[in-house]
Amino acid sequence: MPPPTVPFFLTSTTLAAAAAKPQRPGPPSPPAQQQQPREARDGSRDACASYTARMRLNPQLALRLFDHLLRSGADPDHVAYALALGRCARGRDHRAAAQLHSHAAKRGAASHRRVCNGLIHAYAVCGSLLDARKVFDRGHEGDAVAWNSLLRGYAAAGDVNALREFFVGMQARDTVSWNTIIAWCVENGEYEEAIAVFREMLASMECLPDRVTLFPGKGIEVEERLSSALINMYSKCACIEGAVHVFENLGAQMNVDTWNAMLAGFTANGCSEKALELFARMEITGLVPNKITFNTVLNACSHGGFVEEGMGCFERMTKVYGIEPDIAHYGCMVDLFCRAGLFDKAEKMIQMMPMKPDAAVWKALVGACKTHRNFELGRKAGHMLIEAAPNDHAGYVLLSNIYALDGNWTGVHKVRKLMLDRGVQKVPGSSSIEIDGVIHEFISGDKSHSSKEDIYEMLSEMCQQLKVAGYVPDTSHVLLDIDDEDVKESSLALHSEKLAIAFGLISTAPGTPIRIAKNLRVCGDCHNAVKLLSKIYGRCIIVRDANRFHHFREGSCSCGDFW
């Protein structure tokens with residue numbers, strides 16, 4: 001039987017005995033034995049050194065070896081405590097860390113710098129930030145390791161206020177400190193803030209990035225994994241130029257992950273043609289693409305309307321590179337055919353799939369049926385989608401929309417009743433915009449904002465300017481059982497993205513970009529309206545919806561109206 005991971009010293013018997021050892025009174029040593037304590041101390045140090053060496057070689061057994069060290073009668077030094085605490089951190093073992101803390105305190109070792117750092121790190125990793133802060137506040141504020149351990153603890157706990165306050169109050173920030181903040185921003189979707197922090201890091205001159213920099217004239221070598229993360233970060237911020245800059249300056253440091261990151265960046269930002277050009281470059285270099293590469297390229301073909309190119313890539317994936325398609329690749333092909341209105345080919349692809357279609361496949365089919373008004377197939381696929389994902393509101397909404405477009409309001413009511421009976425709730429559409437570090441969220445017809453009067457005044461101006469530019473509201477996107485066209489037009493004017501854009505126009509300087517995040521797919525009417533608004537007001541308007549980024553400039557969108 002393998003040894004237990006949790007050591008048996010946690011029963012406290014060994015710790016208690018070892019902690020009490022120095023306090024035991026003993027008879028005075030005779031003159032002949034005066035040299036014995038020194039020999040004992042030397043033996044204890046040798047035993048401790050032996051155990052710490054074994055703990056370094058076998059870090060996963062550090063706690064068990066620490067227990068054996070105590071049972072041998074030797075005294076643990078600060079290195080032994082630090083190694084044992086490191087094992088507590090890796091195993092998220094708060095109980096063992098607390099017992100080691102108690103034992104070290106009794107032995108007078110808890111004040112040693114390495115022990116303190118180990119305690120702060122272990123407590124922080126275990127989520128016990130109060131305990132970590134107590135150790136930190138006992139006079140170890142000048143230690144960079146202690147600062148960074150606690151900083152990462154706040155980041156892991158998601159305590160935004162404590163994280164920012166602690167970061168600002170740091171006496172000296174190094175690369176680890178800045179990377180912790182940047183990583184937290186990226187992991188939590190705060191991509192613009194991540195870039196702002198990166199720029200602040202460069203401007204502060206406190207330290208240089210870890211072999212990663214975009215600062216002009218600093219030719220620092222860029223590691224592949226870090227460069228891929230940086231490309232990904234810029235792409236997710238809709239700053240595709242920054243991603244391209246990083247990619248093109250890598251030189252020989254590129255690997256398949258780097259190429260995949262750039263391909264995904266182009267695809268997510270509506271640059272399907274550039275993604276295909278980049279894939280051709282990748283093949284010329286002789287680098288072998290993998291499953292992720294083809295998934296990204298097929299996605300680019302789907303969103304860009306490149307049917308022939310997509311079919312060619314799918315064939316080359318199996319015949320040239322010997323890659324067996326998975327459900328994601330088949331899903332991309334179904335989506336490719338559906339978006340192009342080639343429903344016969346889409347159905348054939350579904351039938352030839354060696355696995356059962358998942359919700360993503362049915363969702364692509366239903367969404368395309370809605371766009372191309374193929375109501376019969378849409379109803380069939382809609383029911384299959386609900387069967388595949390009965391708890392996802394999207395299937396019910398898409399099927400309801402199919403019925404509504406067909407004028408079948410009985411079908412709409414049946415779907416809505418089914419949602420109600422199953423306890424499935426529709427997620428309301430919302431759009432967000434960040435102004436001066438504050439996120440403002442709007443829902444359709446929202447009048448809760450403190451600046452609502454100014455927003456609706458701007459909205460009225462926008463509607464007037466759109467009308468002058470020849471815009472005609474597309475009321476087919478109002479899937480409500482009403483006949484009054486004026487009511488439908490008013491409903492379209494109050495969509496959340498238009499309210500967010502109105503707020504952006506009155507809150508930012510002329511000429512500056514406006515960035516909007518929407519939780520659902522942007523509707524066709526808003527897409528047409530925003531194209532015109534970008535030209536009317538001379539703004540770059542970037543909208544990130546549930547599928548991709550839309551870059552609106554001078555009356556056109558990066559997606560080429562194919563999304």
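With the UniProt record's numbering, the residue at position 264 of the sequence shown is 264, and numbering never jumps.
For every residue, glycine included, the Cβ atom is placed at its ideal position computed from N, Cα and C.
Next on the checklist: Going residue by residue through the UniProt domain "DYW" (470 to 563), where are the continuous alpha helix (DSSP H) segments of at least 4 residues, counting only ones entirely within it?
Outcome noted: 485 to 493, 496 to 507, 524 to 536
Item to check | First through last residue of the alpha helix (DSSP H) which encompasses residue 440 | outcome: Here residue 440 belongs to no alpha helix (DSSP H); instead the beta strand (DSSP E) covers 438 to 443.
Checklist entry - Helix, strand or coil: how does DSSP classify residue 400 here? => result helix
Checklist entry - Got a sec, what are the start and stop residues for the alpha helix (DSSP H) residue 386 sits in? => result 375 to 388
Next on the checklist: With distance defined between alpha-carbon atoms, name the residue in 400, 282, 425 nearest to residue 413.
Outcome noted: 400
Checklist entry - What are the boundary residues of the alpha helix (DSSP H) that residue 149 is part of? => result 144 to 157
Item to check | Cα-Cα separation, residue 326 to residue 228 | outcome: 24 angstroms
Checklist entry - Comparing alpha-carbon positions, which option in 61, 259, 494 lies nearest residue 622? => result Shown here, the chain extends from 1 to 563; a query on residue 622 therefore has no answer.
Checklist entry - In chain order, what residues of the same chain lie with their CB nearer than 7 angstroms to the CB of residue 268, ignoring the 5 residues before and after it? => result 235, 548, 549
Checklist entry - With respect to the alpha helix (DSSP H) encompassing residue 102, which residues constitute its N-terminal and C-terminal limits? => result 94 to 107
Checklist entry - What residues are listed by DSSP as bridge partners for residue 434? => result 439
Checklist entry - If you count every other CB in all the chains shown that lies within 10 Å of the CB of residue 221, and 16 or more means buried, which is it? => result Here the model assigns residue 221 a pLDDT of 48, short of 50, so the residue's position is not dependable, and the following value carries that caveat. By the 10 Å Cβ count, residue 221 comes out exposed.
Next on the checklist: Given this structure, state the Cα-to-Cα distance separating residue 62 from residue 136, to the nearest angstrom.
Outcome noted: 24 angstroms
Next on the checklist: Please return the same chain residues whose Cβ sits closer than 8 angstroms to the Cβ of residue 508, not counting the five positions on each side in sequence.
Outcome noted: 435, 514
Item to check | Beta-carbon separation (whole angstroms), residue 525 vs residue 492, contact threshold 8 angstroms | outcome: 5 angstroms
Next on the checklist: Please classify residue 551 as buried or exposed, where buried requires at least 16 other C-beta atoms within 10 Å of its C-beta.
Outcome noted: buried
Item to check | 6 angstroms CB neighbourhood of residue 122 in its chain, flanking five on each side removed | outcome: 85, 88, 89, 97
Item to check | Spatial distance of residue 529 from residue 468 (CA atoms) | outcome: 12 angstroms
Checklist entry - What did DSSP end up calling residue 91 once you bin it into helix, strand or coil? => result coil
Next on the checklist: Taking the beta carbon of residue 302 as the centre, do at least 16 other beta carbons fall within 10 Å, making it buried, or is it exposed?
Outcome noted: buried
Item to check | Range covered by the alpha helix (DSSP H) that runs through residue 284 | outcome: 272 to 285
Next on the checklist: What residue range does the alpha helix (DSSP H) around residue 112 cover?
Outcome noted: Note, residue 112: premise wrong, no alpha helix (DSSP H); not H, not E.
Item to check | Nearest-angstrom Cβ-Cβ length linking residue 270 and residue 559, presumed shorter than 8 angstroms | outcome: 4 angstroms
Next on the checklist: If I measure Cβ to Cβ from residue 390 and keep anything under 7 angstroms in the same chain, skipping five residues before and after, which residues do I get?
Outcome noted: 422
Item to check | Collapsed DSSP secondary structure at residue 250 in the structure displayed | outcome: coil
Checklist entry - Around the Cβ of residue 543, are there at least 16 other Cβ atoms within 10 angstroms (buried) or fewer (exposed)? => result buried
Next on the checklist: Assuming contact is defined by CB atoms lying nearer than 7 angstroms, are residue 115 and residue 78 in contact in what I supplied?
Outcome noted: yes
Checklist entry - Taking the alpha-carbon positions, what's the residue 290 to residue 346 distance? => result 24 angstroms
Item to check | Residue burial classification, residue 149 (beta-carbon count within 10 angstroms, cutoff 16) | outcome: buried
Checklist entry - Which residues bound the alpha helix (DSSP H) around residue 306? => result Neither: residue 306 is in no alpha helix (DSSP H) and is coded neither H nor E.
Checklist entry - Mind checking whether residue 333 and residue 306 have CB atoms under 7 angstroms apart? => result no
Next on the checklist: Give me, in chain order, the residues of the same chain whose beta-carbon lies closer than 6 angstroms to that of residue 541; leave out the 5 immediate sequence neighbours on both sides.
Outcome noted: 514, 530, 534, 552
Checklist entry - With distances taken between CB atoms, is the gap from residue 173 to residue 200 smaller than 7 angstroms? => result no
Next on the checklist: Tell me the residue span of the alpha helix (DSSP H) that contains residue 456.
Outcome noted: 452 to 468
Checklist entry - Which whole-angstrom value is the C-beta distance of residue 446 and residue 499, which I expect to be below 8 angstroms? => result 6 angstroms
Checklist entry - Is the beta carbon of residue 186 sitting closer than 7 angstroms to the one on residue 233? => result yes
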